[in-house]
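Okay, so here's the structure we're looking at.
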Amino acid sequence: MAIDQTVLAGPRPVGPSSSSPIDEIHPAPVPVSPGSEDDTPPLHAVNVALRWNGSKTMMWRVLATFWCAFVMGSNDAAYGAIIPYLETSYHKNYTIISLVFLSPFLGYTVSAVLSNLIHQRLGRRGVASIGPACHLLAFAVISTNPPFPVLVIMYIFVGLGSGIQNAGWNVWISSLANSHEVLGCFHGFYGVGATVSPLVATTLITKASWEWNSFYYLLTGAAALELINATSAFWTETGSKYRQDHPSAPGREGGGSLNQTKLSLTYRVTWICAIFLFLYGGCEVAIGGWIVVFMTDVRHGSPFASGMAETGFWLGVTVGRFVLGFVSPHIGEKLSIIVYIILAIALELIFWLVPQFIVSAVAVALVGFFLGTIFPGVVVVATRMLPKHLHVAAIGFAAAFSMGGGAVFPFMIGAIAQAKGVSVLQPILLAMLAVALMIWGTLLRAPSQQSQHQV
């Protein structure tokens, strides 16, 4: 199957001065001299976007990435359901237990450096095998109820596997036709996993008297299916094929993973998206990770009802990603993110200031609804504003920052909650959302051409 076909300009007339500036995204002009031996398309040529349903193989691959997202969501949302039982099992306080949030940050950081290298050396086959293999190893060990230091180390592997896949699949899906809608579905399946996971874990622990670690038997089976399915679907996507389909920019070294990562960091949009996603990821995982404790200790809900409140949050995230993914392109990706954050801030204020369990549960579900589609929206904006050969490096870096925020802020909230109580959750979340809004506002005011300017 031909992956990249250069689209030539249609009926647009070609004159002596018809060349396009390199900082504009236009179809490649028809070459004036047909006898030219150089068939390499210019860097600013537009590629035909594959459709997710263009063939059975494409549908298989897209569905395989959806299952990967489901497993990632299942893991990330399980924290909130099992944290109260980790305290009891390991006899640790909030601060120590919060290391399970912080330890994946090391894995995410390593993935930010390795993602582009894996693509260059092993292609998407490497992403499809290494990421799920890390999940399978970690979940299998965690299911044995290991000593706490081993538990923390295993979550590093979870972070590594999720980071590699998050970068690889976001970039690949963003290259498809209708990328925002397909990305919305991809992240929607993350939300499905995040919705089902605490529901299943809470039910098994509170109703069926399972130990907390027994839930990881299910995640181990899911990771085994993830490994087999993804590796089979992307088996032909080798490193040599990736290098052929993604040549480096003229005058740049193509094989240098670290060089491309460094180059992507010279673009202002990379840093704006990374810092924004750092705060966004922190908000999302902090809510999902501490909502059960908050609803139990502050809103005085039962363990089961509090677990259902977390399920409601992730259900809101899921529905938002499926629904708003089709709305955002009509509003505009940049502007829609501003609107969603403002609405989330208003709902957070209701969550904080109205001390009733039902009101808080509904408000947090609606917060999830409006936050849900922000990540795929940022990925779409970034891939449109950065050169194609830097997509994996830049999105890998930004995605690692997002997961880093999902590790650092829940840990920080846990440490503060140990001294001040878990009621600090709401003012911290409001501050994070307000800062994220200001950061994204700087990108909203910038013209598209500015993304080509290096800092």
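Following this note's numbering, the numbering of the sequence shown begins with 940 at its first residue and continues without gaps.
Where a beta carbon is used, it is the ideal one built from N, C-alpha and C, also for glycine.
Residue i - DSSP class collapsed to helix/strand/coil
{"i": "G1380", "result": "helix"}
{"i": "T979", "result": "With a pLDDT of 43 at T979, under the threshold of 50, the predicted position of this residue should be treated as unreliable, and no value is reported."}
{"i": "V1363", "result": "helix"}
Chain-order list of residues whose beta-carbon lies under 6 angstroms from that of residue i (same chain, five-residue window excluded)
{"i": "L1041", "result": "A1346, F1350"}
{"i": "A1225", "result": "F1348, P1349, I1352"}
{"i": "T1257", "result": "G1127, G1130, V1131, T1134"}
{"i": "G974", "result": "Note that G974 has pLDDT 38, beneath the 50 cutoff, so the model's placement of it is unreliable and no number is given."}
{"i": "T979", "result": "In this predicted model, T979 has a pLDDT of only 43, less than 50, meaning its place in the structure is not dependable; the value taken from the coordinates is given anyway. Nothing listed; no residue qualifies."}
{"i": "L1376", "result": "I1280"}
{"i": "V1001", "result": "W991"}
{"i": "A1051", "result": "G1335, F1336, A1339"}
{"i": "I1095", "result": "S1042, L1045, G1046"}
{"i": "S1275", "result": "S1267"}
Sequence-distant residues of the same chain with beta carbon closer than 7 angstroms to residue i, five excluded per side
{"i": "V1155", "result": "It should be noted that the sequence gives Tyr, not Val, for residue 1155. Excluding residues within five positions, the ones whose Cβ falls inside 7 angstroms are F1078, I1081, S1082."}
{"i": "N992", "result": "M998"}
{"i": "A1285", "result": "none"}
{"i": "Y1024", "result": "I1144, W1151"}
{"i": "V1374", "result": "L1218"}
{"i": "A1017", "result": "S1136, P1137, A1140, F1154"}
{"i": "V1049", "result": "L1099"}
{"i": "P960", "result": "With a pLDDT of only 39 at P960, under the threshold of 50, the placement of this residue in the model should not be trusted; the figure read from the coordinates follows. Around P960: no qualifying Cβ."}
{"i": "K1180", "result": "G1062"}
{"i": "A1176", "result": "Per the sequence shown, residue 1176 should be read as Glu rather than Ala. G1062, R1063, R1064."}
Short Cβ contact (8 angstroms threshold) for residue i with residue j
{"i": "H1074", "j": "A1162", "result": "yes"}
{"i": "V1231", "j": "M1324", "result": "no"}
{"i": "F1309", "j": "A1283", "result": "yes"}
{"i": "A882", "j": "N1014", "result": "Only positions 940 to 1394 of the chain appear in this structure, which leaves residue 882 out of reach."}
{"i": "F1217", "j": "F1044", "result": "no"}
{"i": "G1062", "j": "G1221", "result": "no"}
{"i": "G1264", "j": "L1382", "result": "no"}
{"i": "F1252", "j": "G1307", "result": "yes"}
{"i": "A1169", "j": "G1335", "result": "no"}
{"i": "V1317", "j": "S1113", "result": "no"}
{"i": "T1200", "j": "N1084", "result": "no"}
{"i": "E1272", "j": "H1058", "result": "no"}
{"i": "E1287", "j": "P1137", "result": "no"}
{"i": "G1019", "j": "G1227", "result": "yes"}
{"i": "G1311", "j": "G1259", "result": "yes"}
{"i": "L1254", "j": "W1006", "result": "no"}
{"i": "G1012", "j": "Y1047", "result": "no"}
{"i": "C1124", "j": "F1215", "result": "no"}
{"i": "G1160", "j": "M1342", "result": "no"}
{"i": "F1173", "j": "R1060", "result": "no"}
{"i": "P1033", "j": "Q1365", "result": "At residue 1033 the sequence reads Tyr, which differs from the Pro that was named. No, the Cβ-Cβ distance between Y1033 and Q1365 is not below 8 angstroms."}
Cβ neighbours of residue i in the same chain (closer than 8 angstroms, five flanking residues each side left out)
{"i": "A1072", "result": "G1100, L1166"}
{"i": "R1412", "result": "This structure leaves residue 1412 out entirely; the chain is present only between 940 and 1394."}
{"i": "I1277", "result": "L1376, W1379, G1380, L1383"}
{"i": "I1355", "result": "V1363, I1367"}
{"i": "A1302", "result": "L1286, E1287, I1289, F1290, V1293"}
beta-carbon residue i near the ligand GDP non-hydrogen atom, thresh 7 angstroms
{"i": "L1376", "result": "Absent from the structure shown: the ligand GDP. Ligands present: none."}
| said: Count Cβ pairs between the stretch 1200-1215 and the stretch 1328-1336 that sit closer than 8 angstroms; are there 3 or more? | reply: A contact between stretches requires three or more CB pairs, one per stretch, nearer than 8 angstroms, and the stretch 1200-1215 meets this requirement with the stretch 1328-1336.
| query | Is the number of C-beta pairs between the stretch 1026-1039 and the stretch 1082-1098 that are closer than 8 angstroms three or more? | reply | The way I'd put it, the stretch 1026-1039 does touch the stretch 1082-1098; three or more beta-carbon pairs between them come closer than 8 angstroms.
| field | Unbroken stretches of the alpha helix (DSSP H), 4 residues or longer, contained in the stretch 1288-1339 | value | Listed in chain order, the alpha helix (DSSP H) elements of length 4 or more contained wholly in the stretch 1288-1339 are 1296-1310, 1313-1324.
| request: Any chance you could list the alpha helix (DSSP H) runs of at least 4 consecutive residues sitting entirely within the stretch 1038-1079, in chain order? | output: Taking only runs of at least 4 residues, the alpha helix (DSSP H) segments lying wholly in the stretch 1038-1079 are 1038-1041.
| contact_flag[the stretch 1293-1302, the stretch 1232-1247] where n(CB pairs < 8 angstroms) is 3 or more | Verdict: yes, contact present.
| If you scan the stretch 1146-1202 from start to end, which runs of the alpha helix (DSSP H) of 4 or more residues do you find wholly inside it? | DSSP runs (the alpha helix (DSSP H)) wholly in the stretch 1146-1202: 1154-1172, 1178-1184.
| beta strand (DSSP E) runs wholly inside the stretch 1238-1297, at least 3 long, in chain order | Fully enclosed beta strand (DSSP E) runs of no fewer than 3 residues are not present anywhere in the stretch 1238-1297.
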